[in-house]
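First the structure, in the form of structure tokens, and then the observations on it.
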Amino acid sequence: MHLTFTLNGNEIQVEAADDRRVVDLLREDLGLTGTKEGCGTGECGACTILADGESRLSCLMVAAQLPGAHITTVEGMTAQTDGALLQQAFVEEGAVQCGFCTPGMEMAALALLRQDDAPSRDTIREGLSGNLCRCTGYVKIVDAVERAASDIRSCRDRENT
Amino acid sequence: MQKQPLAAGRPEIRGDAPTKASGRERFAADCYPDNLIWAGAVRAGVPHGRLQAVDSAAALAVPGVLKVLTAKDVPGPNRHGIIHQDMPVLADDRILYPGDAVALVLAESREALRRAIKQVRVVVQPLPGVFDPEAALAQGAPPLHQEFADNVLMAAEIRKGDALQALTACAVVVDGEFSVPMQAHVFLETENGIARLEEDGGVAMTVSTQSPFRDRFEVGNALGIPYHKIRIVSPHLGGGFGGKDGATVQCLLALAALHADGRPVKMQWNREENLAAGYKRHACQLSYQLGAKKDGTLHALHCQLVYDTGAYAHLGGEVMELGMEHAGGPYRIAHTLIEGKCVFTNNPVAGAMRAFGVCQPTFAFESMMDLLAAKLGMDPLQLRLRNALVKGDVNCAGVRLTTSTDIVGCLEMLQSHPLWRQREAWKRQAPANTRRGVGLAAVFNAAGYGGKVRDAAIAKVELSPKGAIVVHNAVADMGQGNASAFLQIAGHILGQDASRLRLRHPDTTTAYPSGSSSAGRTTYTFGNALIRACEELRARLINRAGLLLAVDSDRDVRLVPGKVIHPPSEREMPLEQLAAFMPQEDRVCISQFVAPICEQVPDTSKGFLIGFPHVIFAYGAHLARIEVDALTGAIRVCDYLAVTDGGAVVNPCMFDQQVQGGVAQGIGYALMEEVATHEGAVRSGDLATYLIPGALDLPDVISCAFQGREESGPFGLKGVGEVALNGPLPALANGVADACGVRLRQAPLTPERVLAAREAQQCI
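Going down the list, the sequences are from chains A and B. Note that the working numbering has the first sequence beginning at 1, numbered continuously upward. Note that the working numbering has the second sequence beginning at 1001, numbered continuously upward.
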């Protein structure tokens, strides 16, 4: 089928079978390999993307769900200030080890921070509970999201004054 | 702003963090070369039998299927393995577990591949299987390997003094039987790679591997390809934890490349295949007897460890040996008798996993320490402090400790921590229907390959024509951050900031053999080699710059970010200019380091092959505060403290990452992880049935560094990748005993087991 949707801020058109998994379409057809696949069955969260602002598992989505959608992947997350600050916090707080869960973790965190700009550590853990990390034990990931929340608030405060 | 060179000891940002966080880092899984062919294995699906036929007709009829390869298409001996070459690339006679690869399908698309794999008909004449060591060792059990008629891959012992006699002289003796299940690594990037036939008939592959140099032997031996015609590149791994130490996809990929008419081939196991056919941590049965004098001095230990190594040898014997070397804990025990058996079964193949054979006996001995403390009426921490090893002591394997040994320091740091000091008050505040307990564990983990295997690394560092410092890493970075540590070391010695440093991934054509990324040796061994190479390069750059700057002596010439300066004359030269003056061979420095070995090997061990003894150990003291739900039996870890002696710390942030991550995997091992099998077939085939800890299952693990110094280590460090994993299972089991008075001896510590133990206790 012929698809038109918005990917990382740009409208794009692609040909794909309507049952093509979105994770394959992104990685193989469009070359956006930042989105990872860790299980293929919706349990690990490595393939998390934003679809119309909501976090979604791209291994459980098919191409037929894309027309008209606004999709954001890790490659597009720095286009907005909050995404850029979040990514920077992951880097600087030591939230990245092997890095394979990182893009999905960041997308889930971004969705969370857009709903709650001052989440507690428990709320952050809940918000990330669908994303598995095997390296970090999550401490520094929670640190990074906590810091990003604070950085994003400060940034907004500066803009508003 | 003045650029600051990277410095050892500082929490520098990992060199790989920006590319990983932005999704730009290319893992092996991210490689999709043009015109690629997909390859996938057909698995036997039965645990034991004789392969009679492989019928590919239906599979070949699937549109898009190119070839179905079987054993007859394998050139060479068709056997791979690290110590014993016993694993067929494609089964040719016997099937020894359901994950055995029987055929290899090549297809134009993943969809065609998936459909074709289901269409290959495998005919196997079944044979009776053995699914635990007891059955495998029983009289009349079917032998799985000709050369091991009794199904014993290795039987060994460590004998120090006379433990059996000494036990009779102890004032107090405790005993216990323990068991731990198979554990899966669950690295998020499953086993995968791409391969291609080169014009010279060789095979080049990019693969998610911990051991690129050793892979050449495995692939070459199995397929009869000369080693020099095999090129392995190992980009950053999406996790490894031991499960990518040894060939996974490599031999299959190379075989596929040989039959792909020069097209690139990609193979990626899905999660189900990873759980069914990937390597596992050994399940283990342990029987312990530990005796002490009246004052709490440990006197005698007798234990028997039985490791289930599954269908093939892989690293099973070596895993067991390391477990045996640690079976007495980080304590002085005058008399020890440690017996081990590593047994073949028709279960999945067990191999290397973080804390390689050590976490199994750690569960037993640290549980025994609490049982002993209770029987002696002693505080469990005091009992550990009284017996903890110090430098100069002889450990349970009879080896005199000559390197940094700071377990006492770790225990003392734990003792002074509020989580320990305020434990009684905390326990008293338990909410309704909740029992609170505090558990301890003292742990250690050897670093390096051990005796009879040279533990060496060869580092190569280069000034590029553009004036960047290029570190040719040769030991894969599976996520632990060794590559970043190498950049930090190079920056420190050569006075450069991150923007001037480049990393080359391990590549067998440009780097030098440096062993595997494993055994807590990666940063230690390669780091030491790199220090020497960088010091040589520094001296050379200063010398050549001094020449070009026309200064009398090299004395005041210094390297700073991006340039060489001579402050007295105020002359300077950018690195790119210096590089332009230097011939290629002058810009490269190569240096080797060989890790120390035990100078006086005791005659305590019998039946060991390689890898004994070790001389360097990391130590740790762990504390868990837990709550047990009195109604459901569920355990919640409220607080966790890990104090670690890893020598000096080169990067505090990466040090904490290793400790927190190790504890997380250990808590998974303690509470929920168990590879469920039925007749060798994995029943927990996805992440809904094989659970690992999520963000809600873990507390904010506190990591404290003891900050000692290991004189032989790079900047004084020891490897800390493994030691932390050992603590949680015994610490949590001890916590449960403290909370509800029941002793769990079987892992994982599931709510059902907690409730059953409590019920049994109430019946008495």
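Note that beta-carbon positions come from the ideal geometry of N, C-alpha and C, so glycine has one too.
message: Tell me whether the region 1623-1631 of chain B and the region 1730-1750 of chain B touch, counting them as touching only if at least three CB pairs, one residue from each stretch, are closer than 8 Å.
response: yes
message: Report the CB separation of L113 of chain A from A148 of chain A in whole angstroms; it is logged as a contact under 8 Å.
response: Your numbering for residue 113 of chain A matches position 113 in the first sequence. Your numbering for residue 148 of chain A matches position 148 in the first sequence. 6 Å between Cβ atoms; contact.
- request: Put Y1524 of chain B into one of helix, strand or coil per three-state DSSP.
  value: Mapped onto the second sequence, residue 1524 of chain B falls at position 524. Helix, per DSSP.
- prompt: Thinking C-alpha only, which one of B:A1442, B:H1335, B:Q1289 and B:G1392 is nearest L1372 of chain B?
  reply: If you number the second sequence from 1, residue 1372 of chain B lands on position 372. The shortest C-alpha separation from L1372 of chain B is found at B:Q1289.
query: Mind listing which residues of the region 1005-1027 of chain B have their C-beta closer than 9 Å to chain A's C-betas, in chain order?
result: P1011, I1013, R1014, D1016, A1017, P1018, T1019, K1020, A1021, S1022, G1023, R1024, E1025, R1026 and F1027
message: Starting from A1135 of chain B, trace the alpha helix (DSSP H) in both directions and tell me its first and last residue.
response: As a first step, residue 1135 of chain B must be located in the second sequence, where it is residue number 135. P1133 to L1137 is the span of the alpha helix (DSSP H), which, as asked, contains A1135 of chain B.
query: Excluding sequence positions up to five away, which residues of its chain have a Cβ less than 6 Å from the Cβ of K1747 of chain B?
result: Here the question's residue 1747 of chain B lines up with position 747 in the second sequence. For the sequence presented, residue 1747 of chain B should be read as Ala rather than Lys. Excluding positions up to five away in sequence, the list reads V1180 and L1729.
message: If contact is defined by three or more beta carbon pairs under 8 Å, each pair taking one atom from either stretch, is the region 92-112 of chain A in contact with the region 131-142 of chain A?
response: yes
- request: Report the residue from B:G1262, B:V1399, B:V1628 and B:R1521 whose alpha carbon sits nearest the alpha carbon of R1354 of chain B.
  value: Along the second sequence, one-based indexing puts residue 1354 of chain B at 354. R1354 of chain B has its Cα closest to that of B:R1521, out of B:G1262, B:V1399, B:V1628 and B:R1521.
- request: Run down chain A in chain order and give the residues with a C-beta less than 8 Å from the C-beta of N1035 of chain B.
  value: Walking along the second sequence from the start, residue 1035 of chain B turns up at place 35. Going along chain A, no residue has its Cβ under 8 Å from N1035 of chain B, so there is no contact; the nearest lies around 13 Å.
field: Chain-ordered chain A contacts of F1178 of chain B [CB-CB under 7 Å]
entry: The sequence position of residue 1178 of chain B within the second sequence is 178, counting from 1. Neighbours of F1178 of chain B on chain A: none; closest Cβ ~25 Å, over 7 Å.
message: What does the alpha-carbon distance come out to for the pair I1667 of chain B and A1468 of chain B?
response: Walking along the second sequence from the start, residue 1667 of chain B turns up at place 667. Walking along the second sequence from the start, residue 1468 of chain B turns up at place 468. Rounded to whole angstroms, I1667 of chain B to A1468 of chain B spans 42 Å at the Cα level.
query: What do you reckon, are the CB atoms on L1164 of chain B and H1302 of chain B nearer than 8 Å?
result: As a working note, residue 1164 of chain B is residue 164 in the second sequence. As a working note, residue 1302 of chain B is residue 302 in the second sequence. Yes. Within cutoff.
query: Where A84 of chain A and V91 of chain A are concerned, what is the direct C-alpha to C-alpha distance, given to the nearest angstrom?
result: Taking the first sequence and counting its residues from 1, one reaches residue 84 of chain A at position 84. Taking the first sequence and counting its residues from 1, one reaches residue 91 of chain A at position 91. Those two C-alpha atoms are separated by around 11 Å.
Residues of the region 1171-1199 of chain B with Cβ closer than 7 Å to any Cβ of chain A, in chain order: V1186, F1187, L1188 and E1189
- request: Kindly list the residues whose CB is nearer than 6 Å to the CB of K1427 of chain B, restricted to its own chain and excluding five residues on each side of it in sequence; keep chain order.
  value: Here residue 1427 of chain B refers to the residue found at position 427 when the second sequence is read from its first residue. Hits under 6 Å: R1436.
query: Within 8 Å (strictly less), CB to CB, does P67 of chain A reach chain B?
result: Indexing the first sequence from 1 puts residue 67 of chain A at position 67. No, its Cβ sits nowhere closer than 8 Å to a Cβ of chain B.
field: Nearest-angstrom Cβ-Cβ length linking A1511 of chain B and T1209 of chain B, presumed shorter than 8 Å
entry: Looking up residue 1511 of chain B in the second sequence gives position 511. Looking up residue 1209 of chain B in the second sequence gives position 209. Contact doesn't hold; Cβ gap of about 13 Å is too wide.
- prompt: With 16 other CB atoms within 10 Å as the buried threshold, where does H1228 of chain B fall?
  reply: What you label residue 1228 of chain B is simply residue 228 of the second sequence in a count that begins at 1. H1228 of chain B is exposed by the Cβ-count criterion.
message: Any contact between the region 1016-1034 of chain B and the region 19-33 of chain A? By contact I mean 3 or more CB pairs, one from each, below 8 Å.
response: yes
message: Along the chain, where does the beta strand (DSSP E) containing R1050 of chain B start, and where does it finish?
response: Counting from one through the second sequence, the residue named residue 1050 of chain B turns up at place 50. Residues G1049 to D1055.
query: If you check the beta carbons only, do L1376 of chain B and A1498 of chain B fall under 8 Å apart?
result: The sequence position of residue 1376 of chain B within the second sequence is 376, counting from 1. The sequence position of residue 1498 of chain B within the second sequence is 498, counting from 1. Taking 8 Å as the Cβ cut-off, L1376 of chain B and A1498 of chain B do not qualify as a contacting pair.
query: Name the chain A residues whose beta carbon is nearer than 9 Å to that of G1646 of chain B?
result: On the second sequence, residue 1646 of chain B is found 646 positions in, with the first residue counted as 1. Those do not exist, as G1646 of chain B stays about 16 Å from chain A at its closest Cβ, beyond 9 Å.
- request: Below 8 Å on the Cβ atoms is my guess for P1133 of chain B versus Q1285 of chain B; work out the distance and round it to an integer in Å.
  value: Within the second sequence, residue 1133 of chain B is the residue found at index 133, counting from 1. Within the second sequence, residue 1285 of chain B is the residue found at index 285, counting from 1. With 8 Å as the limit, P1133 of chain B and Q1285 of chain B qualify as a contact, their Cβ atoms being about 7 Å apart.
task: Answer with yes or no whether the minimum CB distance from M1478 of chain B to chain A is below 8 Å.
output: Taking the first residue of the second sequence as position 1, residue 1478 of chain B is located at position 478. Closer than 8 Å: yes.
- request: Report the three-state DSSP secondary structure of W1269 of chain B (helix, strand or coil).
  value: Here residue 1269 of chain B refers to the residue found at position 269 of the second sequence. Three-state result, W1269 of chain B: coil.
task: Answer with yes or no whether the minimum CB distance from P103 of chain A to chain B is below 8 Å.
output: Taking the first residue of the first sequence as position 1, residue 103 of chain A is located at position 103. For P103 of chain A, the answer is yes, since a Cβ of chain B falls inside 8 Å of its Cβ.
message: Along the chain, where does the alpha helix (DSSP H) containing S1517 of chain B start, and where does it finish?
response: Stepping through the second sequence from its first residue, residue 1517 of chain B is reached at position 517. Segment: none, S1517 of chain B is in no alpha helix (DSSP H) and carries neither H nor E.
message: I want to verify the contact list: residues of chain B whose CB lies under 8 Å from the CB of Q115 of chain A, in sequence order.
response: Locating residue 115 of chain A in the first sequence gives position 115, counting from the first residue. The premise fails here: Q115 of chain A is roughly 17 Å from chain B at the closest Cβ pair, so nothing lies under 8 Å.
- prompt: Between the region 1715-1729 of chain B and the region 1438-1450 of chain B, do three or more beta carbon pairs fall short of 8 Å?
  reply: yes
- prompt: Pairing CB atoms from the region 1329-1340 of chain B with CB atoms from the region 1250-1262 of chain B, are three or more of them under 8 Å?
  reply: no
message: At the level of alpha carbons, what is the spacing between R171 of chain A and T161 of chain A?
response: With chain A running from 1 to 161 in the structure shown, residue 171 of chain A is simply not present.
field: Where the region 1259-1276 of chain B meets chain E: residues whose CB sits under 8 Å from a CB there
entry: Although the question refers to chain E, the structure presented lacks it and instead comprises the protein chains A and B.
- prompt: For E15 of chain A, which beta-bridge partners are listed by DSSP?
  reply: Along the first sequence, read from residue 1 onward, the residue named residue 15 of chain A stands at position 15. Paired residue(s): A:H2.
- prompt: If the cut is a Cβ gap below 7 Å, which residues of chain B does A46 of chain A touch?
  reply: Taking the first sequence and counting its residues from 1, the one referred to as residue 46 of chain A is at position 46. Here the neighbours are L1188.
- request: Enumerate in chain order the residues of its own chain whose CB-to-CB distance from Y1524 of chain B is below 8 Å, with the five nearest sequence positions on each side excluded.
  value: The residue labelled residue 1524 of chain B in the question sits at position 524 within the second sequence. Closer than 8 Å at Cβ, skipping near neighbours: A1447, G1448, A1595, I1616, G1713, P1714, L1717, K1718 and G1719.
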